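Participant: Below you will find the structure I want to go over with you.
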Amino acid sequence: MNDEDLLKANQIISGFDRDSNSLIHILQEIQAKLGYVPQESQREVADYLGVPVSKVFGIVSFYNFFKINPPGRHQVHVCMGTACYVKGAEKLIEKIKAEFKIRPGETTADHRFSLEEVRCIGCCAIGPVITVDEDVYGGMTPEKVSAILKKYE
Ligand code: FES
1440 MNDEDLLKAN
1450 QIISGFDRDS
1460 NSLIHILQEI
1470 QAKLGYVPQE
1480 SQREVADYLG
1490 VPVSKVFGIV
1500 SFYNFFKINP
1510 PGRHQVHVCM
1520 GTACYVKGAE
1530 KLIEKIKAEF
1540 KIRPGETTAD
1550 HRFSLEEVRC
1560 IGCCAIGPVI
1570 TVDEDVYGGM
1580 TPEKVSAILK
1590 KYE
């Protein structure tokens, strides 16, 4: 965690009342601002609210919404909705896993990509679909995915 992220997280924490009911809200705001909830900030939240660190860790690890590592420079989403799934979305995931050594929910070691599986994004007719940041790509094959991701540094 860099100092800038620590400062931002601490500013968020101190903006809330010391009320254990604020726990989720604080974590959500840190997640929204930083794109993850650093472990150090989880400890800060626990200290601030006077709740066990294990409780904070438990919440962050339970909900997929929370990430504990900084996001990659590019967010890769592979649609695993029914229409995309039956058209081979799983092979796209396998290709990305093999090529970039990450599983859904993870970020590459060089912070280039974060990978997530998502549910239907409303483009079923052109499935299987992936998105990279704001860009949508349909008719994906493992080979096409590989070529597309090369464009993103
Ligand atoms: S199922 Fe993938 S876009 Fe609808």
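Counting in this note's numbering, the sequence shown runs from 1440 upward without gaps.
Glycine is no exception: its CB is placed at the ideal position from the N, C-alpha and C atoms.
All values derive from a computational prediction rather than experimental measurement.
1. Answer yes or no: the CB of residue 1560 versus the heavy atoms of the ligand FES, is any distance below 7 Å?
2. Helix, strand or coil for residue 1479, going by three-state DSSP, please let me know.
3. In this structure, does DSSP put residue 1452 in helix, strand or coil?
4. According to the neighbour-count rule (16 or more other Cβ atoms, all chains shown, within 10 Å of its Cβ), is residue 1564 buried or exposed?
5. Name the DSSP bridge partner or partners of residue 1570?
6. Quick check: the Cα distance between residue 1587 and residue 1487, rounded to an integer number of angstroms?
Facilitator: The short version:
1. yes
2. helix
3. helix
4. exposed
5. 1516 and 1575
6. 45 Å
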